[in-house]
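Asker: One structure, pasted below without further comment.
In this note's numbering, the protein residues as written are 486 to 609.
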């Protein structure tokens with residue numbers, strides 16, 4: 486079969502709609518949360534093992550790189566949570582239209598940015 490349609494495989498030239506960006510980012514943050522779980526479980530273990538290990542963890546978390554890692558994990562969690570709430574609202578039948586989907590995705594980005602910035606202030 487000879488298909489004469491043009492094929493564009495360069496993802497940098499494709500302009501994704503806001504709904505696609507929100508969906509892709511939701512999936513990426515889900516994977517990031519999954520990958521962050523071992524770090525979070527290790528931190529929980531260190532915080533509960535002994536007073537000495539808790540003090541060591543507290544000193545470690547005072548470093549700028551650790552604060553950045555914690556902030557990145559919080560950012561992934563915040564975006565994933567906000568996008569998940571949007572999905573739950575859509576499951577109720579609200580915002581299922583094309584325009585509603587666009588508005589919902591835009592709101593997810595706006596609310597997430599505000600909450601991520603607030604989390605950054607809290608961490609730092």
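Beta carbons: idealized from backbone N, C-alpha and C, even for Gly.
If I'm right that residue 563 touches residue 601 with Cβ under 8 Å, what's the distance once you round it to whole angstroms?
Answerer: For the purposes of this step, residue 563 is taken as the residue at position 78 of the chain shown. For the purposes of this step, residue 601 is taken as the residue at position 116 of the chain shown. The pair is a contact, with the Cβ atoms about 5 Å apart (cut-off 8 Å).
Asker: What does a CB cutoff of less than 7 Å around residue 517 pick up in its chain, not counting 5 residues either side in sequence?
Answerer: The residue labelled residue 517 in the question sits at position 32 within the chain shown. Once the five neighbours on either side are set aside, the close Cβ partners of residue 517 are 561.
Asker: Looking at the structure shown, is residue 548 part of a helix, part of a strand, or coil, going by DSSP?
Answerer: By one-based count along the chain shown, residue 548 stands at place 63. Reduced to three states, the DSSP call for residue 548 is coil.
Asker: Among residues of its own chain, excluding the 5 on either side of residue 528, which ones have a beta-carbon nearer than 7 Å to its beta-carbon?
Answerer: On the chain shown, residue 528 is found 43 positions in, with the first residue counted as 1. Hits under 7 Å: 542.
Asker: With DSSP collapsed to three states, give me the class of residue 609.
Answerer: Sequence index remark: in the chain shown, residue 609 carries index 124 (1-based). In the structure shown, residue 609 sits in coil (DSSP, three-state: anything other than H, G, I, E or B).
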